[in-house]
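I have placed the structure first, in the form of C-alpha cells, so that the comments after it can refer back to it.
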Amino acid sequence: MKRLLVLSGDGIGPEVMAQVMRVIDWMARKGRVQFDVSEGLIGGCSCDVHGVSLTDDTLAEAMAADAVLLGAVGGPRWDGLSFDKKPEQGLLRLRKAMDLFANLRPAIVFDALADAATLKLDVVKGLDLMIVRELTGGVYFGKPRGIDILSDGNRIGINTHSYSTNEIVRVARIAFDLSLKRNRKVSSVDKANVMEAGALWREEVTRIWNEEYKDKGVELSHMYADNCAMQLVRAPKQFDVIVTDNLFGDLLSDCAATLTGSLGMLPSASLGMPPEEGRRRRALYEPAHGSAPDIAGKDIANPLATLLSFAMMLRYSFDQPSDADLIERAVQRVLSGGLRTADIMQPNKAKVSTTVMGDVILRELDKLT
Ligand code: IPM
Ligand code: MG
13 MKRLLVLSGD GIGPEVMAQV MRVIDWMARK GRVQFDVSEG LIGGCSCDVH GVSLTDDTLA
73 EAMAADAVLL GAVGGPRWDG LSFDKKPEQG LLRLRKAMDL FANLRPAIVF DALADAATLK
133 LDVVKGLDLM IVRELTGGVY FGKPRGIDIL SDGNRIGINT HSYSTNEIVR VARIAFDLSL
193 KRNRKVSSVD KANVMEAGAL WREEVTRIWN EEYKDKGVEL SHMYADNCAM QLVRAPKQFD
253 VIVTDNLFGD LLSDCAATLT GSLGMLPSAS LGMPPEEGRR RRALYEPAHG SAPDIAGKDI
313 ANPLATLLSF AMMLRYSFDQ PSDADLIERA VQRVLSGGLR TADIMQPNKA KVSTTVMGDV
373 ILRELDKLT
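Mapping the sequence shown onto my numbering, position 246 (from 1) lands on 258, and the numbers just tick up by one.
Laid out in C-alpha cells, this is it:
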C-alpha cells in the first residue's frame, strides 16, 4: 500500500482537499490505486495548535511517506507572527528537509479556458510550458541572513544568494531530462550579467548540456530573467522548458500561471533525488495557488489545481500515467461541458461550487470507466 501524507493547510486548502479525497476514495473503490492516507497539520493551523508551523513529528511522517499532497499555507491571521513562526516557514522547512530541489510548474492553457486569459487568444492558445524552479537553494536559504543594527544605528536586512555546482547541475539534469519527453528545448534563465551566482549557473548548465544532452538533440538557450518575464507575456509559446533558480522561478511561475487564465487550475510537483534502492524519490505535490483567505470557507474555491496535483503524483511518484490521464480527461470534459468555479467563470457558463465541482468530476470519472 502506498503511504500518502495529506497536509491540507490553511485557507481554501481543506475545502479543495476534501474534493480530492473523494477522488482518492473513488480510485480505491474502483481498485485502481489504494492509499494508506494519514493527515497532518502545516502552516497557520499548525501554529495555532502546536506553536510551530511544522512539527518534527509531521516532518518525520513526510519523510517516511511515499508522497505528500499539500493544500496551501498562510493567511492574514498569522501576519503578526515572528519570521520563524510564519506559516510559510513550515513549507520552506519541509522543502529543505525533504531535499525537494526540483519544482515542476506546468503552465497549460486548457482549450475550454483559452479566452479567459488576459492576453490575446492567439498568444496563449495551446500553450504548454514547464517551469523547473530550483527549490532548496539561492536567496531563500542562503546564509548569512537576518536583520542587524549598524554602528550608526541604521538597520540592515541581509539575505544571501548563492549556488554551488552540485545544486545547479542536479536541477539542470531534471530540466534536460524532462525536455527529452517534450520538445527538446530548454531555456535557462539567470542574471549572469550582474550576479556571479548567475554566471556560474550559466556555465554549469552549458557544461552539462555539452557533456550529456547536446548529442541527444536538446536545444539550449540562455536568457536574462528580466527579458524572460517580458518574453513570457509577449510570446510565451517560444518556450518549452524553462529552468531557473529559486527566486526567479517564484516570480516567473506566477507570471506564467496567469497566462493560462486561471491560477486555480495549475498543479505542481516538487521532487527530490532520484530513487535509491528501497527508497522512493521524495515528492510533494501542491496546487500553484495560495490559501486565498478572502474566499476560504465559502465553498467557491476551485479544487481542480489540487486534483491535477494528485494526477501529477500518480504520474511522477507512482508511474500510473493512465490514471493520471483519466483525471485530466475528466477535468477537460467538465470544463468543455461548461461548468466553472467562480475563478474561471465566463459568460454563458454555469457557475458551480467547490463541492459540486467535486460531484461532477466523480460523475465524469464514472462515465469514463
Ligand atoms: C510558492 C510560494 C512560496 C514561495 C511561499 C508561500 C513561501 O510563493 O510556492 O511559489 O515563495 O516559494
Ligand atoms: Mg510563489
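Glycine included, each C-beta is placed from N, C-alpha and C at the ideal position. Note that this is a predicted model, so its numbers are computed, not measured.
Neighbourhood of Val230 by C-beta, 8 angstroms cutoff - its chain only, sequence neighbours within 5 removed: In the sequence shown, counting from the first residue as 1, residue 230 sits at position 218. Counting only residues of its own chain and dropping the five nearest sequence neighbours on each side, Val230 has a CB closer than 8 angstroms to the CB of Phe188, Ser191, Leu192, Arg196, Lys197, Val198 and Trp221.
Could you round the C-beta distance between Glu27 and Ala313 to whole angstroms and report it? I think they count as a contact, below 8 angstroms. Looking up residue 27 in the sequence shown gives position 15. Looking up residue 313 in the sequence shown gives position 301. Rounded, the Cβ-Cβ distance is 6 angstroms, consistent with contact.
DSSP three-state label for Ser191, please. Numbered from 1 along the sequence shown, position 179 holds the residue referred to as residue 191. In the three-state reduction of the DSSP assignment, Ser191 falls in the helix class, which pools H, G and I.
Is it a yes or a no for the stretch 268-280 touching the stretch 89-102, going by three-plus beta-carbon pairs under 8 angstroms? Result no; under three Cβ-Cβ pairs closer than 8 angstroms.
In this structure, how does DSSP classify Asp266 when only helix, strand and coil are distinguished? Translated into the one-based positions of the sequence shown, residue 266 becomes position 254. Helix, per DSSP.
By a C-beta neighbour count over all protein chains shown, 10 Å radius and 16 as the cutoff for buried, is Ile159 buried or exposed? Within the sequence shown, residue 159 is the residue found at index 147, counting from 1. Exposed: under 16 other Cβ atoms inside 10 Å.
Look up Thr256 in the DSSP assignment and give the residues it is bridged to. Here residue 256 refers to the residue found at position 244 when the sequence shown is read from its first residue. Looking at the DSSP assignment, Thr256 forms a beta bridge with Arg145 and Val201.
DSSP three-state call for Glu100: helix, strand or coil? The residue you call residue 100 lines up with position 88 of the sequence shown. Annotated three-state conformation of Glu100 is helix, per DSSP.
Thinking Ser274 and Asp355 are a contact (beta carbons under 8 angstroms), I'd like their distance in whole angstroms, please. Along the sequence shown, read from residue 1 onward, the residue named residue 274 stands at position 262. Along the sequence shown, read from residue 1 onward, the residue named residue 355 stands at position 343. Going by Cβ atoms, the distance from Ser274 to Asp355 rounds to 6 angstroms, so yes, they are a contact pair.
Contact between the stretch 137-153 and the stretch 236-252 is defined here as three or more beta-carbon pairs at a separation below 8 angstroms; is this criterion met? Cβ pair count under 8 angstroms is three or more, so yes.
What three-state label does DSSP hand Phe47 in the structure shown? By 1-based counting over the sequence shown, the position of residue 47 is 35. It is a strand residue.
So, helix, strand or coil for His62, using DSSP? By one-based count along the sequence shown, residue 62 stands at place 50. Helix.
Please determine whether the Cβ atom of Asp140 lies at a distance below 7 angstroms from any heavy atom of the ligand MG. Here residue 140 corresponds to residue number 128 of the sequence shown, with the count starting at 1. Within 7 angstroms of the C-beta of Asp140 there is not a single heavy atom belonging to the ligand MG.
What is the C-beta distance between Pro305 and Thr366, in whole angstroms, given that I count them as a contact (C-beta under 8 angstroms)? As a working mapping, residue 305 is identified with position 293 in the sequence shown. As a working mapping, residue 366 is identified with position 354 in the sequence shown. With 8 angstroms as the limit, Pro305 and Thr366 do not qualify as a contact, their Cβ atoms being about 15 angstroms apart.
Local conformation of Ala304 per DSSP, three classes: Translated into positions along the sequence shown, residue 304 becomes position 292. In the structure shown, Ala304 sits in coil (DSSP, three-state: anything other than H, G, I, E or B).
Can the beta-carbon of Gly149 be found less than 8 angstroms from the beta-carbon of Asn258? The residue given as residue 149 occupies position 137 in the sequence shown. The residue given as residue 258 occupies position 246 in the sequence shown. It is a contact, given that the beta carbons lie within the stated cut-off.
Rounded C-beta distance between Asp335 and Arg44? I'm assuming under 8 angstroms. Stepping through the sequence shown from its first residue, residue 335 is reached at position 323. Stepping through the sequence shown from its first residue, residue 44 is reached at position 32. Confirmed, about 6 angstroms.
Hey, which residues come within less than 7 angstroms of the ligand MG, measuring from Cβ to any heavy atom, in chain order? That query returns the following residues: Asp262, Ser265 and Asp266.
Taking all protein chains shown into account, do 16 or more other C-beta atoms lie within 10 angstroms of the C-beta of Pro279, making it buried, or fewer, making it exposed? What you label residue 279 is simply residue 267 of the sequence shown in a count that begins at 1. Buried, because 16 or more other Cβ atoms sit within 10 Å of the Cβ of Pro279.
Just to confirm, does Gly276 get its C-beta within under 7 angstroms of one of the non-hydrogen atoms of the ligand IPM? Within the sequence shown, residue 276 is the residue found at index 264, counting from 1. Checking the 7 angstroms criterion, the Cβ of Gly276 is out of range of every heavy atom belonging to the ligand IPM.
For my contact list, Gly86 and Gly302 are in at a C-beta cut-off of 8 angstroms; report their separation, rounded to the angstrom. Here residue 86 corresponds to residue number 74 of the sequence shown, with the count starting at 1. Here residue 302 corresponds to residue number 290 of the sequence shown, with the count starting at 1. Indeed they touch by this definition, with Cβ atoms about 6 angstroms apart.
Taking only three categories from DSSP, how would you classify Gly52? Locating residue 52 in the sequence shown gives position 40, counting from the first residue. Looking at Gly52 - three-state DSSP - the assignment turns out to be strand.
Could you check if Glu100 belongs to the surroundings of the ligand IPM, using beta carbon to heavy atom distance under 7 angstroms? Here residue 100 corresponds to residue number 88 of the sequence shown, with the count starting at 1. Closer than 7 angstroms to some heavy atom of the ligand IPM: that describes the Cβ of Glu100.
Can you name, in chain order, every residue of its own chain whose Cβ lies under 7 angstroms from the Cβ of Asp134, other than the five neighbours on each side? Working through the sequence shown from its first residue, we reach residue 134 at position 122. Taking Asp134 as the centre and dropping the five residues before and after it, the same chain places no C-beta closer than 7 angstroms to its C-beta.
Can you tell which of Tyr152, Pro99, Ala72 and Leu82 has the C-alpha that lies nearest to the C-alpha of Asp60? In the sequence shown, counting from the first residue as 1, residue 60 sits at position 48. When C-alpha distances from Asp60 are compared across Tyr152, Pro99, Ala72 and Leu82, the shortest belongs to Pro99.
Leu296 to Asp164, Cα distance in whole Å? One-based indexing of the sequence shown puts residue 296 at position 284. One-based indexing of the sequence shown puts residue 164 at position 152. So the two alpha carbons sit approximately 45 angstroms from each other.
C-alpha gap between Leu388 and Lys203, whole angstroms: The requested residue 388 is not part of the displayed model; the chain covers only 13 to 381.
Spatial neighbours of Thr256 within its chain, please: CB distance less than 8 angstroms, with the 5 preceding and 5 following residues excluded, ordered by chain position. For this step, residue 256 is matched to residue 244 along the sequence shown. Here the set comprises Ile143, Val144, Arg145, Glu146, Ser200, Val201, Asp202, Ala237, Cys240 and Leu264.
Beta-ladder partner(s) of His234, from DSSP: Here the question's residue 234 lines up with position 222 in the sequence shown. For His234, the beta-bridge partners assigned by DSSP are Ser200.
Following a CB-centred definition, is Gly87 positioned closer than 7 angstroms to any heavy atom of the ligand IPM? Within the sequence shown, numbered from 1, the residue matching residue 87 stands at position 75. The answer is no for Gly87.
Gly349 and Arg34 - do their beta-carbons sit closer together than 8 angstroms? For this step, residue 34 is matched to residue 22 along the sequence shown. For this step, residue 349 is matched to residue 337 along the sequence shown. Their beta carbons are not under 8 angstroms apart, which means Arg34 does not touch Gly349 by this criterion.
Along the beta strand (DSSP E) that carries Glu298, what are the first and last residues, could you check? Within the sequence shown, residue 298 is the residue found at index 286, counting from 1. Residues Ala295 to Pro299.
For the ligand IPM, is there any heavy atom lying closer than 7 angstroms to the beta carbon of Leu103? Locating residue 103 in the sequence shown gives position 91, counting from the first residue. The closest heavy atom of the ligand IPM lies less than 7 angstroms from the beta carbon of Leu103.
Leu131, DSSP secondary structure in three states: Taking the first residue of the sequence shown as 1, we reach residue 131 at position 119. Leu131 carries a coil assignment under DSSP once its states are collapsed to helix, strand and coil.
What are the residues that DSSP puts in a beta bridge with Asn115? Your numbering for residue 115 matches position 103 in the sequence shown. The partner list for Asn115 (beta bridge, DSSP) reads Arg145 and Ser282.
Extent of the continuous alpha helix (DSSP H) run through Asp91: Along the sequence shown, one-based indexing puts residue 91 at 79. Unbroken run through Asp91: none, as it is neither H nor E.
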